[in-house]
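A quick write-up on the structure given underneath.
6 protein chains.
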Amino acid sequence: MFSYLDLQTQNGQRIDVWPVPYEGTVSFGRGTSQGPEAILRASAEIETWDEELGQDLADLAHFTTWSAFEPPVSGPEEVLRCMQEELASICTPESFVLTLGGEHSVALAPIRVYQNLFPDLAVLQIDAHADLRESFQGSPCSHACVMARTRELGIPVAQIGIRSLCREESQRIAKETNQEILTLFAHDLPSPEQAAAQVREFLGERPLYISFDADGLDPSILPGTGTPEPGGLSFSWLHRFWPLFFGKCRLVGMDFCELAPLPGAGVVSESVAVRCINRVLTAFLRQGGPNAPG
Amino acid sequence: MFSYLDLQTQNGQRIDVWPVPYEGTVSFGRGTSQGPEAILRASAEIETWDEELGQDLADLAHFTTWSAFEPPVSGPEEVLRCMQEELASICTPESFVLTLGGEHSVALAPIRVYQNLFPDLAVLQIDAHADLRESFQGSPCSHACVMARTRELGIPVAQIGIRSLCREESQRIAKETNQEILTLFAHDLPSPEQAAAQVREFLGERPLYISFDADGLDPSILPGTGTPEPGGLSFSWLHRFWPLFFGKCRLVGMDFCELAPLPGAGVVSESVAVRCINRVLTAFLRQGGPNAPG
Amino acid sequence: MFSYLDLQTQNGQRIDVWPVPYEGTVSFGRGTSQGPEAILRASAEIETWDEELGQDLADLAHFTTWSAFEPPVSGPEEVLRCMQEELASICTPESFVLTLGGEHSVALAPIRVYQNLFPDLAVLQIDAHADLRESFQGSPCSHACVMARTRELGIPVAQIGIRSLCREESQRIAKETNQEILTLFAHDLPSPEQAAAQVREFLGERPLYISFDADGLDPSILPGTGTPEPGGLSFSWLHRFWPLFFGKCRLVGMDFCELAPLPGAGVVSESVAVRCINRVLTAFLRQGGPNAPG
Amino acid sequence: MFSYLDLQTQNGQRIDVWPVPYEGTVSFGRGTSQGPEAILRASAEIETWDEELGQDLADLAHFTTWSAFEPPVSGPEEVLRCMQEELASICTPESFVLTLGGEHSVALAPIRVYQNLFPDLAVLQIDAHADLRESFQGSPCSHACVMARTRELGIPVAQIGIRSLCREESQRIAKETNQEILTLFAHDLPSPEQAAAQVREFLGERPLYISFDADGLDPSILPGTGTPEPGGLSFSWLHRFWPLFFGKCRLVGMDFCELAPLPGAGVVSESVAVRCINRVLTAFLRQGGPNAPG
Amino acid sequence: MFSYLDLQTQNGQRIDVWPVPYEGTVSFGRGTSQGPEAILRASAEIETWDEELGQDLADLAHFTTWSAFEPPVSGPEEVLRCMQEELASICTPESFVLTLGGEHSVALAPIRVYQNLFPDLAVLQIDAHADLRESFQGSPCSHACVMARTRELGIPVAQIGIRSLCREESQRIAKETNQEILTLFAHDLPSPEQAAAQVREFLGERPLYISFDADGLDPSILPGTGTPEPGGLSFSWLHRFWPLFFGKCRLVGMDFCELAPLPGAGVVSESVAVRCINRVLTAFLRQGGPNAPG
Amino acid sequence: MFSYLDLQTQNGQRIDVWPVPYEGTVSFGRGTSQGPEAILRASAEIETWDEELGQDLADLAHFTTWSAFEPPVSGPEEVLRCMQEELASICTPESFVLTLGGEHSVALAPIRVYQNLFPDLAVLQIDAHADLRESFQGSPCSHACVMARTRELGIPVAQIGIRSLCREESQRIAKETNQEILTLFAHDLPSPEQAAAQVREFLGERPLYISFDADGLDPSILPGTGTPEPGGLSFSWLHRFWPLFFGKCRLVGMDFCELAPLPGAGVVSESVAVRCINRVLTAFLRQGGPNAPG
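Residue numbers (this note's numbering), protein chains in the order written: chain P, 54 to 347; chain B, 54 to 347; chain Y, 54 to 347; chain A, 54 to 347; chain W, 54 to 347; chain X, 54 to 347.
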């Protein structure tokens with residue numbers, strides 16, 4: 054396989070990159086199992102220098118890319134169990150794992166492991182879909198349920214970019230809003246400055262896990278996702294958000310899921326994915342990163 | 054074939070969906086004959102709940118998808134004649150037919166049938182091209198002539214998103230503007246609020262037919278059309294326009310044409326098409342729809 | 054969905070066509086879940102007249118195409134259980150079901166159901182792979198194990214076209230040959246006449262189920278399979294085999310699996326699949342079919 | 054556009070190459086309108102030296118490639134009328150025109166024009182389909198009817214490679230065989246030597262027009278056709294046939310139709326097309342060609 | 054090959070269009086060698102009327118499309134040498150050459166030739182990348198070095214849209230800014246009005262060469278480039294820029310490079326390329342063009 | 054990158070696998086630079102057991118896959134120089150290197166290095182093209198010249214499968230045949246038994262290097278090459294040839310070149326490539342391999 058960014062340096066924070074090419078039983082094929090390889094491959098072509106922030110990610114971090122997770126064929130519960138087992142045996146509070154999906158359902162494994170390490174964990178979700186269904190296509194572990202499962206663990210969830218949901222999810226958000234769920238809908242999006250302030254207030258100083266579903270971005274700039282939804286976050290909105298957002302909170306891990314590369318449409322989607330991941334990491338690490346004295 | 058939205062309900066307004074996979078004699082192939090199937094297939098994956106309007110289209114309408122029209126091979130005039138015959142035999146003033154093209158030329162058949170039912174019919178055209186040529190590639194029934202033919206019937210036409218036309222079409226628009234043609238050019242687009250007011254004033258309380266050419270939208274969000282033209286309508290502009298626009302006017306029918314799915318580029322274009330159709334219907338029907346007491 | 058052959062007639066034997074677009078958890082995507090739709094769609098373009106046999110399949114059979122099976126997401130054992138339950142509730146000794154996979158693993162469900170109906174059932178497998186592994190990728194229900202599972206039921210298996218296997222499978226074949234397994238390897242293939250005689254002798258007058266893995270054919274003529282293996286059966290060898298083979302034996306059901314359509318490479322693979330299925334049916338049914346007086 | 058073979062020489066027989074990218078009204082798109090350009094483009098990469106015959110086509114002929122025919126949009130009868138008008142105004146008994154389709158229906162125009170020039174014209178058809186239907190999809194000028202129309206003109210037709218037909222076509226062949234139609238079915242193909250003798254005897258010394266439908270070849274070697282049919286002519290059978298066949302008969306024109314290039318599958322189909330055309334021309338012209346003293 | 058715009062007129066300024074399908078030694082293939090043909094082919098479908106400016110490019114210019122440059126295989130220095138030789142032998146101060154790449158490295162040839170004709174030449178670069186590396190992948194003539202080579206010639210360079218660079222390039226820009234380099238970064242882009250004023254002041258009345266790298270635009274509207282970078286120039290920003298920018302400066306030549314068409318994703322990228330080129334030419338030529346009395 | 058066969062064993066002969074993704078300056082793109090990765094990736098899916106020979110390649114050899122060669126951008130001579138330098142520094146008479154191209158031109162580097170180690174080296178070439186041109190597209194190091202360069206070194210060359218050449222190459226073969234060149238043309242191919250005897254007699258007991266151009270095989274079974282030529286070697290002919298051929302001669306190295314994977318057409322070509330390589334190695338190594346007592 055390929056290595057994330059393909060750097061030869063050992064500067065700054067160590068980041069473990071975990072490719073999880075898992076795509077559940079598919080009837081009409083979505084392609085998210087090809088996501089990790091596409092991201093790793095594209096990453097070698099992307100400059101690590103961030104002109105706006107005046108920082109080079111290669112100074113702030115180095116990356117260790119693990120072998121790809123080999124999902125068992127016995128269903129999604131078993132996949133999550135194996136992922137958790139593997140991750141829990143390696144992960145310490147000092148580890149920073151970047152999980153590359155695969156379906157969004159795989160995010161549940163690192164969320165559970167990180168909650169064991171940081172009991173007051175909070176989650177920031179970038180997504181087009183609320184993912185708050187109780188069950189979908191006969192499984193409580195579908196990609197459409199990952200935040201329902203997260204909420205069951207008592208973890209507060211901030212959501213940005215939501216624009217596709219069913220009435221039940223809408224009602225749940227209305228009921229829980231501002232206490233356990235903060236939803237910034239795409240059709241009513243505040244400025245990056247306002248959003249950064251709102252989310253910071255909601256999350257407080259909890260340790261933070263970011264779960265980034267590729268379809269949170271608008272499909273004009275990231276068309277390669279299983280269920281593209283127009284009206285999403287622009288690249289520049291999100292790009293500006295991260296440096297405004299990071300401050301006191303400590304980012305402990307993150308995932309990037311649901312990229313489904315489009316073989317006939319070039320490498321725009323995976324290049325954008327790498328840019329998004331790098332921006333999160335650069336914006337966070339320039340402050341000192343997870344192991345800096347808080 | 055597939056069914057639009059694949060709902061199992063019978064709520065609200067009945068809408069008949071008519072796939073017309075017609076693409077005229079082609080030398081270099083454009084792919085609009087694949088449009089209807091792509092739209093129907095994508096529609097099953099799209100949520101019917103509209104979070105912003107607080108409405109579920111599945112409460113407002115149910116859909117009956119007809120077998121696809123089988124175009125005869127004897128040229129475009131004959132295609133239009135057969136379409137009209139088939140449609141006229143079924144359509145009553147209470148029918149709402151959603152025609153899925155195919156080339157934009159097919160719009161002429163429902164426009165003629167609806168004008169017979171509603172003699173003061175007006176047309177609202179979403180398009181990149183003015184379609185006001187007298188003739189193109191040797192035929193007066195080309196996709197580039199559909200609004201010239203509509204105007205010949207005395208039907209007033211409002212156009213939104215126009216940005217590709219020849220000098221003759223430009224001169225015609227200049228001459229007829231505000232009396233029989235209202236053209237909102239893409240390079241000089243007013244706000245959705247202003248546009249809604251302008252178009253409402255132009256159309257008055259005439260029964261309305263909407264002819265939606267996929268290339269009215271910007272190709273960044275809908276790349277799958279035969280002749281993509283940059284500088285088009287953004288998804289959010291149009292999304293905001295519809296709820297502002299609908300009020301007194303009665304929508305009697307509509308078409309969505311010129312989608313040419315891109316097999317190597319995912320399903321963004323067809324997903325956007327469904328979102329656009331659903332928004333028009335939801336924005337209109339929440340007021341009561343065509344059969345509501347006006 | 055589409056209907057097999059799209060005939061409007063009700064002649065001869067009723068054949069139930071069951072699309073099973075199941076593809077197990079995939080890491081690198083193979084595409085067999087697209088197989089059933091591709092076969093159904095291609096079937097409408099294929100002539101039913103068989104010039105060589107002087108028979109029209111449309112005189113011998115009519116087809117009822119079921120809705121596609123919707124595989125649960127909870128793993129392959131559960132998929133097989135649901136398939137069996139659904140099939141057993143419908144299938145009688147008079148039914149003839151043509152199952153369209155999907156992975157080859159799905160063949161196990163109809164084989165089990167037919168064995169309940171016909172306890173002395175035998176299986177004729179067309180395949181590149183022996184499929185005799187005890188377990189593969191952590192599951193005893195993998196596509197690579199389907200004939201190991203079939204043998205466990207005590208069912209004799211004749212295999213034609215085998216050319217890809219591991220040493221353990223080779224040893225098993227050597228041990229069981231001519232008693233419970235008859236393997237005609239592709240590199241040592243007898244003439245169709247000899248093969249027909251050998252297989253008839255091996256199978257005797259047992260009721261027969263045919264399990265047809267697309268990769269039994271050479272990839273020059275059927276490139277669209279998950280694991281193409283050169284050196285396979287030519288189309289003409291197999292075409293000549295069937296009329297020579299059928300005689301006393303009663304065919305009770307069949308499947309065609311592992312077709313993975315190639316979107317950029319035309320429709321050769323799916324057209325060949327339909328031709329192969331039609332040839333089996335025509336060669337068998339011209340004698341009177343399953344319900345003829347034996 | 055491109056030039057056939059892209060030679061810079063003026064040796065031997067002049068051959069006019071006429072690209073006719075016509076594809077009739079299509080519902081599901083077949084791609085034969087892309088055929089002429091693909092053939093011209095591929096031709097520049099192919100060696101003109103024929104090692105087996107010890108001849109260089111560049112010594113025997115030179116090529117003039119016309120601008121592509123621009124089919125009118127008013128249906129197939131009008132297309133044929135325009136083609137005939139254009140061709141008749143240029144063609145003399147000394148002309149040799151190589152028409153590159155497009156649909157097979159376009160062959161009717163050169164056949165009619167050549168019959169006017171040579172009243173005792175005969176046709177040799179390479180094809181998978183008999184093309185003897187009276188009408189198809191509502192038109193007597195469909196690609197499925199081209200030989201029915203040819204027979205109406207009293208022209209005898211020899212067919213090689215036929216394997217897909219309906220019962221009515223089969224009955225017609227049975228009735229007319231050996232008098233006006235000679236059909237060499239693919240499933241009962243004689244050796245090239247026998248076939249050459251049979252066809253020569255059938256055709257006698259009539260001036261000959263060759264109509265070559267790409268699907269006559271087996272799809273393993275030429276997958277890029279609209280309706281691929283397995284069990285076809287092998288490349289080597291046909292390659293060996295031509296030098297055995299040509300002798301006294303005078304070839305006056307030919308077409309190559311129904312190539313539908315496959316963008317994702319390389320250039321095999323179009324390369325094979327060029328090799329087939331070149332072999333016909335080399336095998337014929339080494340004897341002196343159409344204008345040699347007979 | 055094809056002709057740019059395929060006009061039959063001889064109005065206004067003659068523009069020579071030079072296709073240069075050069076792509077240097079590639080390990081992972083980028084596809085820019087297909088750019089010139091894609092642009093020429095798309096150009097025939099684009100209207101030449103500019104509604105906003107009230108001008109028809111067909112009144113202002115006519116186009117002569119040269120045969121494509123055939124790059125030698127002996128490395129990039131030799132390619133540039135041959136290009137320069139060919140260009141210098143044809144080009145006079147009155148010529149206007151539009152070079153269609155190919156890699157951005159090919160821009161160096163016309164820049165050198167135009168500097169010989171106009172010693173005080175300046176360059177305006179539209180690009181995502183600064184292209185100021187001293188050397189890349191072992192060559193000083195890589196596409197990543199083209200502006201370093203240009204600066205060595207003493208030519209001042211204005212850059213618009215830059216957003217991907219390494220630290221060394223960032224430092225160089227910081228050092229040379231406003232004297233010899235003016236860089237308008239994409240993340241800090243002024244309004245078109247301000248940008249036009251800034252660039253005009255920087256360039257003064259020097260003769261101008263425009264080097265347009267396709268990736269300067271945002272990949273949402275032009276996805277077909279070798280190294281897509283999100284956060285780029287919007288189509289409308291650039292569209293508005295040109296009429297504001299042109300005034301006293303004389304445009305003497307231009308190139309459009311790095312378009313890599315995406316076969317599975319339609320023709321959006323190449324259509325946008327043509328629109329961009331036409332806008333530059335229309336905005337400049339409506340003032341009288343290069344040969345107008347300055 | 055990926056490892057050839059992905060074995061975890063260390064049995065038998067060590068074989069070094071060298072990916073050389075070199076593709077010279079391309080105008081219209083052929084894709085051979087993608088060949089090495091496609092072969093490595095496909096190799097993991099292929100069984101190593103050879104049923105016919107009763108041997109498992111995993112018992113006979115183990116594989117060490119090197120990092121891919123990074124070709125310099127300064128032209129083909131420099132590429133060959135760097136390859137030779139790298140190879141000569143590692144290669145001893147005991148090494149067995151399997152080079153995976155890339156263009157066929159890269160074969161010249163290992164041929165030169167092996168000739169230094171074994172002065173009486175002979176070459177066996179599987180190919181559609183004679184590759185005996187003195188120069189092509191301005192370079193003596195083109196893929197079309199590799200055997201002309203080999204012959205200049207005094208190395209005898211046996212060629213199998215040749216069917217595409219120019220008159221000059223034909224004349225050269227006629228002149229040198231049976232002394233320094235043995236050419237088995239595809240159109241006049243002897244049986245595998247006869248061919249094995251002829252080639253063995255021609256080569257005698259010289260140390261042997263095999264240069265395998267993918268297009269030697271017929272494109273029906275290996276369509277993914279830059280210049281497909283119909284009428285080639287069948288898979289079964291070649292499969293039977295190798296065990297008959299190997300005897301006294303010592304194979305010292307080999308390459309497999311010119312595979313150009315077809316992204317839209319599945320993995321047939323690369324799977325066939327792996328099968329071909331494995332068959333050569335198994336047929337040779339079961340005798341004891343290069344380091345066995347001769």
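All residues carry an ideal CB built from backbone N, CA and C; glycine is no exception.
Shown here, P/D59 sits in coil according to DSSP, grouped into three states, outside any helix or strand. Close to Y/F288, with beta-carbon spacing below 7 Å, are these residues of chain A in chain order: P283, G284.
X/P316 and W/M136 have their alpha carbons spaced roughly 33 Å apart. The beta carbon of X/D109 falls within 9 Å of a beta carbon belonging to chain Y, placing the residue at that interface. Under the DSSP definition of a beta bridge, P/I68 partners with P/F116.
For B/P276, at least one C-beta of chain W is nearer than 9 Å to its own C-beta. With distances taken between CA atoms, X/E90 lies nearest to X/P314 out of X/P296, X/R332, X/P314, X/T335. In the same chain as W/L275, and ignoring 5 residues on each side of it, the C-beta atoms closer than 6 Å to its own belong to A267, S322, V325, in chain order.
For Y/L140, the enclosing alpha helix (DSSP H) has its first and last residue at 129–141. DSSP places B/I213 outside any alpha helix (DSSP H); the residue lies instead in the beta strand (DSSP E), whose first and last residues are 210–215.
Contact of B/L185 with chain W by beta-carbon distance below 9 Å is absent, the smallest such distance being about 13 Å.
Among the CB atoms of chain W, none fall inside 9 Å of the CB of P/W295.
With distances taken between CA atoms, W/G107 lies nearest to B/H240 out of B/E258, B/A248, B/H240. Under the three-state reduction of DSSP, B/T280 is assigned to coil, being neither helix nor strand.
The beta carbon of B/L338 sits closer than 7 Å to those of G65, Q66, L113, A114, all from its chain and outside the five residues before and after it, given in chain order. Contacts with chain W (Cβ-Cβ distance below 7 Å) from the stretch 81–108 of chain P involve E98, E100, W102, E104, E105, listed in chain order. For Y/G317, the C-beta contacts it makes with chain X under 8 Å involve L315, P316, G317, A318, in order along the chain.
Contact annotation for A/S142 against chain Y: no contact, minimum CB-CB distance about 37 Å [criterion: below 9 Å]. For B/H292, the closest Cβ of chain P is nearer than 9 Å. Excluding its 5 nearest sequence neighbours in each direction, X/S148 has C-beta neighbours in its own chain below 7 Å: D69, listed in chain order.
In this structure, Y/I179 lies near Y/G214, with their beta-carbon atoms less than 9 Å apart. Interface annotation, P/E138: not in contact with chain Y, CB-CB separation never under 9 Å.
Going by DSSP, A/L261 is part of the beta strand (DSSP E) stretching over 261–266.
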